[in-house]
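K.L.:
Encoded as structure tokens, here's the structure I'll be asking about.
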Amino acid sequence: MPVFSGNPFSFASAADLAMPQISSSYDYTGIIVSVSIAIFASFCAFEMARRREQGRYWVTLGALMLGLGIWAMHFIGMSSFRLNCGVAYEPWLTLVSALPGVAAASIALRAIASRRIGYVRLLLAGVVMGCGVGLMHYMGMAAFQFQGRLLYEPGEFVFSLLAAVLSATLALLLNRRIAHGRLRRIPYLASLAAAVVMGLAISSMHYIAMGAARFLPLDGVQITSSINQTTLGLLASFATLMLLSFGLLFVFLYSKTLSARKRYESILSTTQQGFVLIDDTGHIVQTNVAMVGLLKQSSDQIIGKRLGDVLDQSVQDAHGAYQLQANLRCADGSLLPCMAYVNTFVDSSDGRQVSFALFSDISKRVAAEALAHAREQQFRALLNSTPDPMVISAADGCIVMVNLQAVAFFGYAHEAFIGQPVEMLIPAAGHQQFRQDYLQGADAPHRQREHAVCPHQRRARNSRRSKPEPY
Numbered sequence: 110m111p112v113f114s115g116n117p118f119s120f121a122s123a124a125d126l127a128m129p130q131i132s133s134s135y136d137y138t139g140i141i142v143s144v145s146i147a148i149f150a151s152f153c154a155f156e157m158a159r160r161r162e163q164g165r166y167w168v169t170l171g172a173l174m175l176g177l178g179i180w181a182m183h184f185i186g187m188s189s190f191r192l193n194c195g196v197a198y199e200p201w202l203t204l205v206s207a208l209p210g211v212a213a214a215s216i217a218l219r220a221i222a223s224r225r226i227g228y229v230r231l232l233l234a235g236v237v238m239g240c241g242v243g244l245m246h247y248m249g250m251a252a253f254q255f256q257g258r259l260l261y262e263p264g265e266f267v268f269s270l271l272a273a274v275l276s277a278t279l280a281l282l283l284n285r286r287i288a289h290g291r292l293r294r295i296p297y298l299a300s301l302a303a304a305v306v307m308g309l310a311i312s313s314m315h316y317i318a319m320g321a322a323r324f325l326p327l328d329g330v331q332i333t334s335s336i337n338q339t340t341l342g343l344l345a346s347f348a349t350l351m352l353l354s355f356g357l358l359f360v361f362l363y364s365k366t367l368s369a370r371k372r373y374e375s376i377l378s379t380t381q382q383g384f385v386l387i388d389d390t391g392h393i394v395q396t397n398v399a400m401v402g403l404l405k406q407s408s409d410q411i412i413g414k415r416l417g418d419v420l421d422q423s424v425q426d427a428h429g430a431y432q433l434q435a436n437l438r439c440a441d442g443s444l445l446p447c448m449a450y451v452n453t454f455v456d457s458s459d460g461r462q463v464s465f466a467l468f469s470d471i472s473k474r475v476a477a478e479a480l481a482h483a484r485e486q487q488f489r490a491l492l493n494s495t496p497d498p499m500v501i502s503a504a505d506g507c508i509v510m511v512n513l514q515a516v517a518f519f520g521y522a523h524e525a526f527i528g529q530p531v532e533m534l535i536p537a538a539g540h541q542q543f544r545q546d547y548l549q550g551a552d553a554p555h556r557q558r559e560h561a562v563c564p565h566q567r568r569a570r571n572s573r574r575s576k577p578e579p580y
């Protein structure tokens with residue numbers, strides 16, 4: 110009578126453990142291949158999760174990569190397992206067993222891809238990941254049919270789950286620590302280190318669980334499934350080939366993207382302007398060395414702030430195309446005058462609105478302007494302290510400054526002088542001769558290019574008695 114392999118979660122009693130088992134062995138080449146597949150799939154998944162800012166679909170692809178990698182690792186390991194009896198696999202359960210790994214990988218990768226995640230949430234993600242690996246394994250074992258019954262030693266069964274949970278949690282914590290620590294600038298390091306731990310977590314869970322399995326002979330059992338050991342090996346090999354092809358393609362394309370990113374970061378690191386990249390939520394997600402120097406803060410202190418947090422004035426919207434003069438709030442409490450140039454673009458990968466801002470240090474210009482203004486005020490004070498009316502014109506003969514005595518003497522408002530030709534204060538008959546004399550004086554190398562006119566020396570016409578003729 111056809112009989113299925115039995116309840117995969119049945120535990121062996123002391124009497125069962127004392128019974129003779131069906132002899133088994135391993136092809137160690139298959140073990141090495143299965144562990145390598147688990148590590149490679151984990152590496153690709155972690156790298157894809159890092160690209161979440163370039164598109165949310167990367168996390169989904171990473172979950173598929175890791176989930177199918179767990180599945181492929183399990184069945185490559187099973188194809189290397191030799192049991193001294195007839196063996197087959199139930200088709201639908203074999204395929205469905207991939208789902209727990211994909212679901213658990215999706216939760217874990219979304220957790221580590223998040224910019225803000227606490228250790229509690231990270232620990233929960235590790236528990237989910239470990240349980241997902243365990244559920245995938247025992248579902249896969251439920252699809253395993255052989256001429257006997259399958260039982261588990263309780264202690265080793267629990268230990269296999271604990272090993273999966275602890276190792277998966279360690280992998281997530283390691284990835285997070287390296288990705289946000291001093292070693293984050295080393296390409297692939299966070300993903301590679303976490304992938305080794307995660308791959309070993311998946312593999313150790315599988316082989317510990319296989320050690321907990323007891324394959325007891327049972328008379329009268331017939332194999333009805335159409336998937337035998339050879340078919341499973343071909344199916345697992347095809348899945349592995351697809352994983353390798355997609356993974357290698359991803360690594361190749363990402364390496365080219367990384368090279369372009371390095372050039373982009375090199376440009377940002379050498380420019381004298383401060384730079385910040387602002388995401389669609391208004392938070393700074395990237396900065397450069399010049400900005401660190403301007404604010405006197407580390408990049409970690411700058412990232413996560415809003416644009417208005419680093420300026421001494423509120424900014425209604427960090428997005429848009431505009432420029433403004435403002436002061437940067439430095440870490441020591443000082444204010445640094447700067448000119449900010451803000452622009453916005455749409456990220457073609459996910460359609461999100463992203464902005465960037467460039468900051469130029471204008472403290473020297475502001476200081477020079479303040480000094481020039483102070484000197485101008487001193488000169489005006491000196492000019493106004495003289496008892497005589499004074500009119501100062503530029504090289505083109507237009508009035509640029511007058512003192513209070515000139516305003517009182519001529520009777521014009523101060524604004525009426527500025528920008529007007531100095532001939533407005535000279536009788537019309539003398540305009541041509543005055544202009545010639547002035548230009549000759551302006552061209553002479555030993556004379557200044559500015560010309561002061563003392564109206565009391567030209568009293569031919571007093572503006573108090575009559576208005577000057579227009580020039």
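Just so you know, this note's numbering puts the end of the sequence shown at 580, numbered straight through with nothing missing.
Glycine residues also receive a C-beta, built at the ideal position from the N, C-alpha and C atoms.
(1) To the nearest angstrom, report how far apart Ser408 and Ala217 are at their CA atoms.
(2) Quick check: what's the CA-CA separation for Ala435 versus Met314?
(3) Going by beta-carbon coordinates alone, are Ser469 and Gln529 separated by less than 8 Å?
(4) Gln514 and Met499: beta carbons closer than 8 Å?
(5) Could you tell me the distance, in whole angstroms, from the CA atom of His523 to the CA atom of Ala490?
(6) In chain order, what are the residue ranges of uninterrupted beta strand (DSSP E) at least 3 long that sit wholly in the region 280 to 358?
(7) Helix, strand or coil for Gln406, going by three-state DSSP, please let me know.
(8) Quick one: any contact between the region 181 to 192 and the region 124 to 138, if contact means 3 or more CB pairs under 8 Å?
(9) Checking 8 Å against the spacing of the C-beta atoms, do Ala214 and Ala345 come in under that value?
(10) Can you tell which of Met174, Val306, Glu265, Ile141 has the C-alpha that lies nearest to the C-alpha of Ala321?
(11) For the alpha helix (DSSP H) that contains Asp389, what are its first and last residues?
(12) Taking the alpha helix (DSSP H) that Met174 falls in, what are its first and last residues?
(13) Using DSSP with H/G/I as helix, E/B as strand and the rest coil, what is Asn493?
(14) Go ahead and label Pro209 buried or exposed: buried means 16 or more other beta carbons lie within 10 angstroms of its beta carbon, across all protein chains shown.
(15) Put Gly239 into one of helix, strand or coil per three-state DSSP.
(16) Cutting at 7 Å between CB atoms, please list the residues of its own chain near Arg230, excluding the five before and the five after it.
(17) The beta strand (DSSP E) with Thr453 in it runs from where to where?
(18) Which residue wins for smallest C-alpha separation from Val419, given the options Gly235, Gly429, Pro446, Ala430?
(19) Identify whether Thr379 lies in helix, strand or coil by the three-state DSSP scheme.
(20) So if DSSP puts Phe253 in a beta bridge, which residue, or which two residues, is it bridged to?
(21) So, at 6 Å on beta carbons, what are the nonlocal neighbours of Ala124 in its own chain, with the 5 sequence-adjacent residues on each side left out?
(22) Do Val242 and Ala277 have their C-beta atoms closer together than 8 Å?
(23) Is Ile287 close to chain B? Criterion is C-beta to C-beta, closer than 8 Å.
(24) Are Gly178 and Leu352 closer than 8 Å when you measure CB to CB?
(25) Express the C-alpha separation of His392 and Val451 in angstroms, rounding to a whole number.
(26) Where Phe347 and Thr340 are concerned, what is the direct C-alpha to C-alpha distance, given to the nearest angstrom?
(27) Taking the alpha-carbon positions, what's the Leu325 to Ala252 distance?
(28) What residues are listed by DSSP as bridge partners for Pro263?
(29) With a cut-off of 8 Å on the beta carbons, I'd call Ser68 and Arg160 a contact; round off their distance for me.
(30) Taking C-alpha atoms, which residue in Ala503, Phe361, Ile336, Ala477 lies nearest to Met157?
(31) Would you mind working out which of Cys153, Arg372, Ala503 sits nearest Phe355, comparing C-alpha positions?
(32) Take the Cβ of Ile146 as the centre, count every other Cβ of all protein chains shown within 10 Å, and call the residue buried at 16 or more, exposed below.
P.N.:
If we stick to the structure as given:
(1) To locate residue 408, count along the sequence shown from 1; it is residue 299. To locate residue 217, count along the sequence shown from 1; it is residue 108. Going by the C-alpha atoms only, they are around 27 Å apart.
(2) Within the sequence shown, residue 435 is the residue found at index 326, counting from 1. Within the sequence shown, residue 314 is the residue found at index 205, counting from 1. Cα-Cα distance, rounded: 58 Å.
(3) Mapped onto the sequence shown, residue 469 falls at position 360. Mapped onto the sequence shown, residue 529 falls at position 420. It is not a contact, given that the beta carbons lie outside the stated cut-off.
(4) Taking the first residue of the sequence shown as 1, we reach residue 514 at position 405. Taking the first residue of the sequence shown as 1, we reach residue 499 at position 390. Yes. Within cutoff.
(5) Residue mapping note: residue 523 aligns to position 414 of the sequence shown, counting from 1. Residue mapping note: residue 490 aligns to position 381 of the sequence shown, counting from 1. Their Cα atoms are separated by approximately 15 Å.
(6) 322 to 326
(7) Along the sequence shown, one-based indexing puts residue 406 at 297. Three-state result, Gln406: coil.
(8) yes
(9) What you label residue 214 is simply residue 105 of the sequence shown in a count that begins at 1. What you label residue 345 is simply residue 236 of the sequence shown in a count that begins at 1. No, the Cβ-Cβ distance between Ala214 and Ala345 is not below 8 Å.
(10) Locating residue 321 in the sequence shown gives position 212, where the first residue counts as 1. The candidate whose alpha carbon is nearest that of Ala321 is Glu265.
(11) Counting from 1 along the sequence shown, the entry for residue 389 is found at position 280. Taken as a continuous stretch (DSSP letters only), Asp389 belongs to no alpha helix (DSSP H), as it is neither H nor E.
(12) In the sequence shown, counting from the first residue as 1, residue 174 sits at position 65. From DSSP, the alpha helix (DSSP H) with Met174 extends over 166 to 188.
(13) Here residue 493 is taken as the residue at index 384 of the sequence shown, counted from 1. Here Asn493 sits in helix by DSSP.
(14) For the purposes of this step, residue 209 is identified with residue 100 of the sequence shown, where counting begins at 1. The residue is buried, with at least 16 neighbouring Cβ atoms inside 10 Å.
(15) As a first step, residue 239 must be located in the sequence shown, where it is residue number 130. If DSSP states are grouped into helix, strand and coil, Gly239 belongs with the helices.
(16) The residue given as residue 230 occupies position 121 in the sequence shown. Cβ neighbours of Arg230 beyond the five flanking positions: Ala220.
(17) For this step, residue 453 is matched to residue 344 along the sequence shown. Segment 444 to 455, the beta strand (DSSP E) holding Thr453.
(18) As a first step, residue 419 must be located in the sequence shown, where it is residue number 310. Per the Cα distances, Pro446.
(19) On the sequence shown, residue 379 is found 270 positions in, with the first residue counted as 1. DSSP places Thr379 in helix when its eight states are reduced to three.
(20) Residue 253 sits at position 144 when you count from the first residue of the sequence shown. Tyr198.
(21) In the sequence shown, the residue the question calls residue 124 occupies position 15. Hits under 6 Å: none found.
(22) For the purposes of this step, residue 242 is identified with residue 133 of the sequence shown, where counting begins at 1. For the purposes of this step, residue 277 is identified with residue 168 of the sequence shown, where counting begins at 1. The answer is yes: Cβ separation under 8 Å.
(23) Within the model displayed, chain B is absent; a lone protein chain is all it includes.
(24) On the sequence shown, residue 178 is found 69 positions in, with the first residue counted as 1. On the sequence shown, residue 352 is found 243 positions in, with the first residue counted as 1. Against a cut-off of 8 Å, the Cβ pair of Leu352 and Gly178 comes out as a contact.
(25) Here residue 451 is taken as the residue at index 342 of the sequence shown, counted from 1. Here residue 392 is taken as the residue at index 283 of the sequence shown, counted from 1. Near 14 Å, if we compare the C-alpha coordinates of His392 and Val451.
(26) Stepping through the sequence shown from its first residue, residue 347 is reached at position 238. Stepping through the sequence shown from its first residue, residue 340 is reached at position 231. Distance between the alpha carbons of Phe347 and Thr340: 11 Å.
(27) The count along the sequence shown starts at 1 and reaches residue 325 at position 216. The count along the sequence shown starts at 1 and reaches residue 252 at position 143. If you take the alpha carbons of Leu325 and Ala252, they lie about 17 Å apart.
(28) If you number the sequence shown from 1, residue 263 lands on position 154. Pro263 is not bridged to any residue.
(29) Residue 68 cannot be examined here, being either before or after the span of the chain that is shown, 110 to 580.
(30) One-based indexing of the sequence shown puts residue 157 at position 48. Considering only alpha carbons, the answer is Phe361.
(31) Stepping through the sequence shown from its first residue, residue 355 is reached at position 246. Nearest option by C-alpha distance: Cys153.
(32) On the sequence shown, position 37 is the one that residue 146 refers to. When all chains shown are included, Ile146 counts as buried.
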